[in-house]
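Step one of this worksheet: look at the structure below.
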Amino acid sequence: VAEILKYGFGAEVIAYDPNLSKEEIIKREARPVSLEELLRSSDIISLNASLNERNYHMLSYKEFSMMKNNVFIVNTARGELIDTEALIKALREGKVAGVGLDVVEGEPIDENHPLLKFDNVVITPHTSAYTYECLKGMGDKVVSDAEKVLRGEIPDGVVNKEVLEGEKWKKI
């Protein structure tokens, strides 16, 4: 996504990821920033995170109030990253110009869901990862990380780093 935006559209890509070093973010074609800077300066915010207790509702009304007016939100990760009630309020207030969601909090949703009443909200049925390229990339990544483990190296993107201190890891 970052490469397409940067090289295809000339966009400046910034990223916040508490699980990656600044060097890793730079390798992924983005400039590392704090969450607050990302919220305050982005025209488009794309959520690409796994869900955990630290980022549940990472976009709530507090975060929406920090954003630029007319921001666009894209979430292809997990619905619970966004507080739906706060998103609806931000849409009604005109803070958010548009939303693209492949995931929605509490999915599946029914035809009376309030988000479906907005003309500037597009919701797809949680299928954005089902492309040949994406599935092949996931398979390649699994193999690459398994090879690293077998060589005694740490795989990329370990979120629960405490496992690296455990006895099972030390035996590998």
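Numbering (UniProt numbering), first residue to last: 1 to 172.
Note that CB positions come from ideal geometry on N, CA and C, so glycine has one too.
None of these values were measured; they are calculated from a predicted model.
Buried or exposed (CB count within 10 angstroms, at least 16 for buried), residue i
i, result
"V103", "buried"
"F64", "buried"
"M138", "exposed"
"S50", "exposed"
Test item: CB-CB of residue i and residue j under 8 Å
i, j, result
"R31", "V13", "yes"
"A97", "F72", "yes"
"V74", "S46", "yes"
"M67", "E36", "no"
Close Cβ partners of residue i (< 8 Å) along its chain, the five nearest in sequence each way excluded
i, result
"I26", "P32"
"D83", "H57, L59, S60, Y61 and E105"
"N48", "V1, T76 and A77"
Nonlocal neighbours in the same chain, by C-beta distance under 6 Å from residue i, ignoring five residues either side
i, result
"I88", "P114"
Residue nearest to residue i in terms of C-alpha spacing, selected from the options
i, options, result
"V158", "I172, P18, F9 and G8", "P18"
"L116", "V99, E165 and Y132", "V99"
"N55", "E80, S46, N75 and E24", "E80"
"E29", "L38, A15 and S42", "A15"
Cutoff 7 Å; reference residue i; Cβ partners in own chain excluding five residues on either side
i, result
"N69", "K95"
Open item on the list: Which complete beta strand (DSSP E) runs does the stretch 61-141 hold, if anything under 3 residues is left out?
Closed with: Correct list: 71-75, 96-101 and 121-123.
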